[in-house]
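Going by full-length UniProt numbering, the sequence shown opens with residue 1, and the numbers climb by one from there.
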Amino acid sequence: MPESAWKLVFYTMSWSYSTYLLFFTSYSFFHDPPSVFYNWQSGMSVPADIAIAYLIQGSFYGHSIYASVYMDAWRKDSAVMVVHHIITLALICFSYAFRYHNVGILVLFLHDINDIQLEFTKLNVYLKCRGGGYFLLNDVLSNMGSVSFSITWFWFRLYWFPLKVLYATCVSSLQSVPNIPFYFFFNTLLFTLLLMNIYWFLFIVVFVVKVLKVKEVNDVREYEEEEGGRTALREKNNKQDDAGHHNAAPG
């Protein structure tokens with residue numbers, strides 16, 4: 001729960017700031033993706049408001065690599081998560097160094113919203129059963145969060161990300177800057193990010209099917225061995241209870 005609470009606070013603040021940059025300033029990157037390369041020049045200055053976003057995000061993902069390995073619960077996709085953080089940090093650092101920061105803000109905006117919904121859903125799953133009681137509000141919020149998370153993951157990461165970001169970096173970049181440097185390097189990293197988004201979407205599909213079958217929200221990334229251990233423990237307790245009833249029965 002502390003892990004989810006911390007991530008919810010961070011992603012809410014970071015996504016809000018990205019939203020502010022894209023929709024409440026003069027930047028038109030979201031509505032006009034090719035504009036990320038308009039007037040691009042090697043060594044051009046990075047606007048202070050975008051540099052602040054890069055500093056915050058770079059610090060967070062640098063910490064996340066350490067946290068995923070040594071602090072967070074290890075899950076089925078944790079190895080992929082570590083690779084994701086490394087690729088994200090590489091994109092942040094290199095896009096800043098080579099002045100592709102306009103694309104970076106768009107990428108961060110399209111990804112952070114899903115993390116907000118994920119951590120919000122997990123917190124409500126934890127809170128629906130607490131203190132020996134059941135809280136319907138948290139159960140409803142967790143179900144609503146899981147539905148919105150599934151929809152926005154597909155919409156933002158699998159539809160808008162290729163449509164806006166990959167089209168701009170693969171096509172529009174060459175139209176604006178014919179000999180743009182590190183073209184294949186950056187696009188390889190971005191396509192790897194897309195493949196990981198597809199990989200995690202498979203978990204989401206399994207998650208939705210599981211919810212429809214058992215009507216309960218659980219993290220399908222947890223190891224089956226843990227579930228098996230809990231099942232074995234329940235069976236052991238049941239056997240002990242049966243033995244106790246048998247011994248207590250009159251002869």
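Note that beta-carbon positions come from the ideal geometry of N, C-alpha and C, so glycine has one too. This structure is a prediction, so every number in the text was calculated from the model and none was measured.
Distance, isoleucine 92 Cα to serine 150 Cα: Stepping through the sequence shown from its first residue, residue 150 is reached at position 150. Stepping through the sequence shown from its first residue, residue 92 is reached at position 92. Rounded to the nearest angstrom, the two C-alpha atoms are 26 Å apart.
Range covered by the alpha helix (DSSP H) that runs through proline 2: Start at 1 with the first residue of the sequence shown, and residue 2 comes out as number 2. Per DSSP, proline 2 belongs to the alpha helix (DSSP H) from 2-23.
Cβ neighbours of lysine 164 in the same chain (closer than 6 Å, five flanking residues each side left out): Numbered from its first residue, the sequence shown carries residue 164 at position 164. Result list for lysine 164: Pro33, in chain order.
Rounded separation between tyrosine 183 and glutamine 41 - CA only: Your numbering for residue 183 matches position 183 in the sequence shown. Your numbering for residue 41 matches position 41 in the sequence shown. When rounded, the distance between both Cα atoms is 14 Å.
At least three beta-carbon pairs within less than 8 Å, the segment 113-130 to the segment 80-90: no
Burial state of phenylalanine 23, where buried means 16 or more other Cβ atoms lie within 10 Å: Sequence index remark: in the sequence shown, residue 23 carries index 23 (1-based). With fewer than 16 Cβ atoms within 10 Å of its Cβ, phenylalanine 23 is classed as exposed.
Rounded separation between methionine 44 and valine 103 - CA only: Position 44 of the sequence shown, counting from 1, holds the residue named residue 44. Position 103 of the sequence shown, counting from 1, holds the residue named residue 103. When rounded, the distance between both Cα atoms is 14 Å.
Range covered by the alpha helix (DSSP H) that runs through serine 64: Within the sequence shown, residue 64 is the residue found at index 64, counting from 1. Its alpha helix (DSSP H) spans residues 48-70.
Helix, strand or coil at tyrosine 100 according to DSSP, with G and I counted as helix: Along the sequence shown, one-based indexing puts residue 100 at 100. Of the three classes helix, strand and coil, the one that applies to tyrosine 100 here is coil, per DSSP.
Endpoints, the alpha helix (DSSP H) within which phenylalanine 149 is located: Working through the sequence shown from its first residue, we reach residue 149 at position 149. It spans 136-152 - the alpha helix (DSSP H) in which phenylalanine 149 sits, taken as one unbroken run.
Cβ separation of alanine 53 and serine 18, assumed to be a contact under 8 Å, to the nearest whole Å: The residue labelled residue 53 in the question sits at position 53 within the sequence shown. The residue labelled residue 18 in the question sits at position 18 within the sequence shown. That pair is a contact at about 7 Å.
7 Å Cβ shell around arginine 157 - same chain, five flanking residues per side excluded: Taking the sequence shown and counting its residues from 1, one reaches residue 157 at position 157. Hits under 7 Å: Leu110, His111, Asn114 and Asn197.
Nearest-angstrom beta carbon gap, valine 177 and phenylalanine 37 [assumed within contact, 8 Å]: In the sequence shown, the residue the question calls residue 37 occupies position 37. In the sequence shown, the residue the question calls residue 177 occupies position 177. Between valine 177 and phenylalanine 37 the Cβ distance is about 6 Å, and since that is below 8 Å, they are a contact.
Buried/exposed call for glutamate 3, threshold 16 Cβ in 10 Å: As a position in the sequence shown, residue 3 is number 3, starting the count at 1. So glutamate 3 counts as exposed.
Beta-carbon proximity check, phenylalanine 201 vs tryptophan 153, cutoff 8 Å: Against the sequence shown, residue 201 aligns to sequence position 201. Against the sequence shown, residue 153 aligns to sequence position 153. Result yes, Cβ atoms of phenylalanine 201 and tryptophan 153 sit closer than 8 Å.
Cross-strand partners of cysteine 170 (DSSP beta bridge): The residue given as residue 170 occupies position 170 in the sequence shown. Answer by DSSP bridge pairing: none, since cysteine 170 is not bridged.
Glycine 145 versus phenylalanine 135: straight-line alpha-carbon distance, rounded: The residue you call residue 145 lines up with position 145 of the sequence shown. The residue you call residue 135 lines up with position 135 of the sequence shown. Straight-line Cα distance between these residues: approximately 16 Å.
Integer Cβ distance of asparagine 138 from leucine 127, believed to fall under 8 Å: Translated into positions along the sequence shown, residue 138 becomes position 138. Translated into positions along the sequence shown, residue 127 becomes position 127. At roughly 4 Å, the Cβ-Cβ gap stays under 8 Å, so asparagine 138 and leucine 127 are in contact.
Inter-residue spacing [alpha-carbon to alpha-carbon] between arginine 99 and valine 205: In the sequence shown, residue 99 corresponds to position 99, counting from 1. In the sequence shown, residue 205 corresponds to position 205, counting from 1. Cα to Cα, arginine 99 sits roughly 37 Å from valine 205.
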